[in-house]
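Numbering (this note's numbering), first residue to last: 830 to 1143. Contents: one structure, followed by commentary.
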Ligand SMILES: Nc1nc2c(ncn2[C@@H]2O[C@H](COP(=O)(O)OP(=O)(O)OP(=O)(O)O)[C@@H](O)[C@H]2O)c(=O)[nH]1
Ligand SMILES: [Mg+2]
């Protein structure tokens, strides 16, 4: 089976543009016409502020942008649209680029990627999309269904495995998640896989707290594969905004999260929340989800993201 290539170049930018459409149109619709047409009467600060807050950029970032625009405005004349847009982009670029990745430690395959987050955020979909990308690079990948809570979860992941051309390891619903991970690690080693992607539950069937179960998964896979899990991706749903960020914090310690994934950016006009998430959690944003399709997971690139949000030509 040959896996399709992940989107590249122009295709990827177009997907990003599509995914951010509602947020972009929200911001541009309110501000572009106002500043461009010079129709500002009086308090442009209030208009700018409310458009940025509507996009869910958060009060801190909004203040920073408004202050920077005010500082750049000449005398009493209202700022130009170009000035507003460029200032906003530069403040946002500052925030989004502020957290360089730690240099990658050396590791031996299989690379173990653990996908965690609250229920419904898009973990299984993200695990499936990741497997597809890895296959697209011509590598062998095992998908592990460590969500044994939801009856349909294993089947959902198995279908992704089929589509991606990945191998699948799952147990019956209700099984011990760590036991599934143990078997998947063994299978990945035995088959010489390049990557093992582990989908986890947002809830559990036992009284064991979720965080304790995640800690156990981390321990078990680390005993089987040196240095694993190499990546722990916390999946956050952009449509849940600030609530999602608060809920997410508890995952940071339990699972040593080293990367964020913001999903469903296509389903919201509040895509500015991605900036807020990066700022508040202080962990690099690695991927963004812009749709339900297999190719709708994009590498996060601050400049591309800003071009999708506030195009330089708009
Ligand atoms: N529009 C859109 N939908 C998404 C995206 N990512 C996931 N979804 C959808 O969100 C829903 C939930 O996704 P799942 O991957 O099942 O979420 P989960 O975190 O695994 O959920 P649980 O297993 O119940 O904890 C599904 O209908 C997905 O198709 C995205 O980037 N955009
Ligand atoms: Mg799931």
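Cβ coordinates follow ideal geometry from the N, Cα and C atoms, glycine included. Being a predicted model, the structure only gives us computed values, none of them experimental.
Judged by beta-carbon spacing, residue 1105 lies beyond the 8 angstroms limit of residue 955, meaning their Cβ atoms are not closer than that value. With a 10 Å radius around the Cβ and a threshold of 16 neighbouring Cβ atoms, residue 1059 comes out buried. The C-alpha of residue 936 is placed about 19 angstroms away from the C-alpha of residue 972. For residue 1078, the number of other beta carbons within 10 angstroms of its own is below 16, and it is reported as exposed. For residue 953, the distance from the CB to the nearest heavy atom of ligand 1 is below 7 angstroms.
Within the region 841-867, the runs of alpha helix (DSSP H) at least 4 residues long that lie entirely inside it are, in chain order, 850-856 and 862-866. In this structure, DSSP gives residue 997 an extended state, which the three-state scheme calls strand.
For residue 982, the shortest C-beta to heavy atom distance toward ligand 2 is below 7 angstroms. The beta carbon of residue 854 sits closer than 8 angstroms to those of 1098, all from its chain and outside the five residues before and after it, given in chain order. With distances taken between CA atoms, residue 1096 lies nearest to 884 out of 906, 884 and 986. Residue 1100 places its beta carbon 8 angstroms or farther from that of residue 916. By the Cβ-count criterion, residue 939 is buried, with 16 or more other Cβ atoms from all chains shown falling within 10 Å of its own Cβ.
Bridge pairing for residue 1091: 1065 and 1117 [DSSP].
By the CB criterion at 8 angstroms, residue 1065 and residue 1047 fall outside the cutoff. Boundaries of the beta strand (DSSP E) around residue 945: 940-945. Secondary structure at residue 1086: coil, using DSSP grouped into helix, strand and coil.
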